[in-house]
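These notes are about the structure you will find just below.
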Amino acid sequence: MHSEENVSTVVQFVLLGFSDLPNLQGFLFGVFSIIYIVVLIGNSLIVIITRLDPALHKPMYFFLAHFSILEICYVSVTLPRMLVSLWTQDRSISLLGCATQLCFFLVLGATECFLLAVMSYDRYVAICNPLHYPLVCLQLVAASWITGIPVQAGQTLQVFSLPFCASNVINHFFCDIRPVLKLACGETFTNELMIFVAAVMFVSAPFLLILVSYSKIISTVLKLPSATSRAKAFSTCSSHLTVVLLFFGSAIITYFRPEASHSAETDKVLSLFYTIVTPTFNPIIYSLRNKDVILHIFSELAFFSICNKISSGVYF
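Under this note's numbering, the residue at position 291 of the sequence shown is numbered 1124, and the numbers go up by one with no gaps.
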């Protein structure tokens, strides 16, 4: 039990981030700035392309557009704040700011898990039950965005209702739930239990649904008569499966490995994968593995090239 003098009213936290690399602050700012620009431009292009091209008005691209919007929101929860810290070396964040960041991070993380599961179900229906395609897209997307809000908002409120000890230093680059909880005083067993329950609900359950969907997809595809049909079916799933492995792989290792094996530096590296790497590679993976998107990009580039030549008088 902590004595009263060991407990202070914390009004702000300090995010250590990558302060252990003092000589690389400018370099890291440049790298993460480029990454943020790539995330914004790449995912915005996917949203614009899937909306403009009538050929891409299909459930798969509807989900992809929402997933790209989600990735922009998800990375914007953590990366701009980290860039400010790297540029100004001011690593402080208010109690309310930390709680807000944690809440949005948890809610959007849950949304990503559900949306990836919905996208795998979409591929399952398209390949295994094509007569029932298209899906009820709007309801599935709405459920993905909304389902995690009450639980994750409640979990955030529960964490920040705890008193905090004298230390206000968070050894992370954003307000993640475990590093914040380490600073809390008193009994945190209930909070740890809630983290586990939420991880099962929002990580394990969607991942299990994805595994079931892909097991049925693989079983169906292997029964297709021609190698061309099998290759085409697998190619429609490969980009989604790559993103799933990147996101869920790092998230499962982070939240389900034993507490004794946790280290701040390892958690930071793993967090980079599901908070920054996946949103960065999402447009690249889906573009390179999807012929429809590639064709649209090249057709748009060709169109703009011709328009520029006409406007400059090349064809006159």
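Glycine included, every Cβ here is placed at the ideal spot set by N, Cα and C.
May I ask which residues mark the beginning and end of the alpha helix (DSSP H) holding residue i?
i	result
I879	858-885
I926	Taken as a continuous stretch (DSSP letters only), I926 belongs to no alpha helix (DSSP H), being part of the beta strand (DSSP E) at 925-927.
L973	970-979
K1049	1038-1055
N1024	1022-1032
K1015	Careful: K1015 lies outside any alpha helix (DSSP H) and carries neither H nor E.
D1100	1097-1105
F1080	1060-1089
If you follow the beta strand (DSSP E) that residue i is part of, which residue opens it and which one closes it?
i	result
Q845	845-848
S918	Element bounds for S918: not the beta strand (DSSP E) but the alpha helix (DSSP H), 892-921.
For residue i, name the three-state secondary structure that DSSP assigns.
i	result
F1007	coil
V951	helix
C961	helix
F997	strand
G930	helix
F851	coil
How would you label residue i, buried or exposed, when you count the other beta carbons within 10 angstroms and need 16 or more for buried?
i	result
L919	buried
D853	exposed
I1139	In this prediction, I1139 scores a pLDDT of 43, lower than 50, which makes its location untrustworthy; the coordinate-derived value is nonetheless stated afterwards. I1139 should be labelled exposed.
K1056	exposed
Q922	exposed
S925	exposed
E1020	exposed
L971	exposed
F939	The sequence given here has Leu at residue 939, not Phe. Result: buried.
F1114	buried
T1111	buried
Practice task
Spell out a yes or no on whether the region 1058-1078 and the region 975-983 are touching, meaning 3 or more CB-CB pairs, one atom from each, closer than 8 Å.
Solution key: no
Handout entry: Contact between the region 1022-1038 and the region 979-990 (3+ Cβ pairs under 8 Å)
Key = Three or more Cβ pairs closer than 8 Å define a contact, and the region 1022-1038 meets that threshold against the region 979-990.
Exercise for the section: Flag this pair as touching only if the region 904-912 and the region 984-998 have three or more C-beta atom pairs under 8 Å; answer yes or no. Expected result: Touching, no.
Practice task
Inspect the CB distances between the region 954-962 and the region 992-1003 and report whether three or more fall short of 8 Å.
Solution key: no
Exercise for the section: Determine, using beta-carbon pairs with one atom in the region 1007-1018 and one in the region 925-943, whether at least three such pairs fall under 8 Å. Expected result: yes
Handout entry: the region 939-956 / the region 1077-1087 touching (three or more Cβ pairs under 8 Å)
Key = yes
Handout entry: Meets three-Cβ-pair contact criterion under 8 Å: the region 866-881 and the region 891-905
Key = They touch, by the three-pair rule.
Problem - Contact between the region 1036-1049 and the region 881-897 (3+ Cβ pairs under 8 Å) - result: no
Practice task
Kindly confirm or deny that the region 843-861 and the region 1102-1112 touch, where touching means at least three C-beta pairs closer than 8 Å.
Solution key: no
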